[in-house]
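Going by the UniProt record's numbering, the first residue of the sequence shown is number 1, and it counts up by one from there.
A virtual CB, placed ideally from N, CA and C, is assigned to each residue, including glycine.
If you're wondering where the values come from, they're calculated on a predicted model, not measured in any experiment.
Remarks on the structure that follows.
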Amino acid sequence: FDGEAASSLVKELRVSFSSGKTRSYEWRISQVKALLKMMAEREDEIVDALRSDLAKPPLETVVYEIGMFKNSCELVLRELKQWMTPEKAKTSITTFPSSAEIIPEPLGVVLVISAWNYPFLLSLDPVVGAIAAGNAVVLKPSEIAPASSSLLAKLLGEYLDNSSIRLVEGAVDETTALLQQKWDKIFYTGNGKVGRIVMAAAAKHLTPVVLELGGKSPTVVDSNVNLEVAARRIISGKWGCNNGQACISPDYLITTKEFAPKLV
């Protein structure tokens with residue numbers, strides 16, 4: 001997969017988007033329902049892939065990867081019709097008797113580059129958002145979770161409309177080839193170093209970007225708290241979910257000098 005292949009892929013998806021098929025309520029709903037069906041029918045394979053990549057326990061997979069994604073899909077099914085409904089807007093007295101409305105419009109062809117720590121949730125959540133908005137979409141999952149990436153490629157090929165939704169596997173070379181193309185939006189989840197590369201590539205085309213980047217999460221501990229309860233909750237927050245591999249898990253503690261020795 002090189003720059004030429006990436007260019008060809010984007011052109012194919014632009015043809016599909018230009019046909020208007022992704023704009024319809026029926027198409028959007030059909031793809032979201034297909035994703036729900038996929039998660040229900042292939043749960044065992046998803047559990048196995050995440051065990052292979054991350055040694056993730058089945059319960060965590062079902063709750064945090066599958067369950068949370070199902071919630072996103074069900075939200076779309078409930079609210080999409082309202083989201084697509086034009087919203088009346090106020091007009092000035094100077095333009096009386098005019099009327100105005102805000103009409104939600106899809107952007108076009110979007111790129112999603114996802115992270116390895118939640119390979120299904122962080123890949124499919126932005127994809128379902130792009131679908132709900134009526135876009136064609138390319139997903140580039142993380143090569144650091146190869147079993148999950150391979151399974152995603154297989155499942156999306158089986159369940160979704162491949163004329164408008166595609167997946168590209170690979171590492172730096174493939175991501176670079178994708179970033180050389182002109183997209184209508186890029187959604188990236190990962191670290192700040194790569195986030196800067198994504199932003200710089202997008203700037204060449206003035207492409208809007210969403211960066212969901214990792215950081216450092218402090219835990220502030222007041223000296224009047226119950227020490228045992230606080231320590232238990234900090235430990236649970238740090239290692240209780242995904243063995244600490246989550247952007248919101250605590251990284252360091254902030255407390256008073258007097259209380260610090262007891263807490264540590």
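| Item | Value |
| --- | --- |
| For A177, which residues of its own chain have a beta-carbon under 8 angstroms away from its beta-carbon, when the five flanking residues on both sides are left out? | F1, D2, G3, A5, A6 |
| For L213, which of V198, V225, I235, V220 has the nearest alpha-carbon? | V198 |
| Terminal residues of the continuous alpha helix (DSSP H) containing I46? | 43-54 |
| To test your reading of the DSSP string, which unbroken beta strand (DSSP E) runs of 3 or more residues are found completely within the stretch 141-205? | 165-167, 185-190 |
| What first and last residue would you give for the alpha helix (DSSP H) that runs through E79? | 68-84 |
| Where does G37 sit, in a helix, a strand or coil, going by DSSP? | A quick correction: the sequence has Lys, not Gly, at residue 37. If DSSP states are grouped into helix, strand and coil, K37 belongs with the helices. |
| Between A115 and the rest of its own chain, which residues show a CB-CB distance below 6 angstroms, the 5 nearest in sequence each way excluded? | L122, S142, T189, G190 |
| What does V210 pair with, by DSSP beta-bridge criteria? | F187 |
| Give the DSSP-derived three-state secondary structure of I113 in the structure shown. | strand |
| Closer than 8 angstroms is the cut-off here; do at least three beta carbon pairs connect the stretch 163-172 with the stretch 44-59? | no |
| Are the Cβ atoms of I234 and P218 separated by less than 8 angstroms? | no |
| Drop a sphere of 10 angstroms on the beta-carbon of Q31, count the other beta-carbons inside from all chains shown, and report buried for 16 or more, exposed for fewer. | buried |
| Taking a contact to mean a Cβ-Cβ separation below 8 angstroms, would you say E169 touches Y118 in this structure? | no |
| Counting pairs of Cβ atoms below 8 angstroms between the stretch 83-103 and the stretch 56-75, do you hit three or more? | no |
| With DSSP collapsed to three states, give me the class of E105. | coil |
| Going along the chain, which residues of its own chain have a beta-carbon closer than 7 angstroms to the beta-carbon of A130, five neighbours each way excluded? | V110, V112, V137 |
| Just verifying my parser: in three-state terms, what is the DSSP assignment at I254? | strand |
| For I46, count neighbouring Cβ atoms within 10 angstroms of its own Cβ and tell me buried if that reaches 16, exposed if not. | buried |
| Cβ atoms of A202 and V209: under 8 angstroms apart, would you say? | yes |
| Is it right to say K81 is buried, meaning 16 or more other beta carbons lie within 10 angstroms of its own, or is it exposed? | exposed |
| Would DSSP call T219 helix, strand or coil? | strand |
| Using only CA atoms, which one of A171, M68, Q181, G215 lies nearest to E12? | Q181 |
| If you draw a straight line from the C-alpha of E228 to the C-alpha of N243, how long is it? | 21 angstroms |
| For the alpha helix (DSSP H) containing A260, list its first residue and its last residue. | 260-263 |
| I'd like the list of long-range same chain contacts for residue 288, defined as Cβ closer than 8 angstroms, with 5 residues on each side in sequence excluded. | Look at the range of the chain in this structure, 1 to 264, and you will see that residue 288 is not part of it. |
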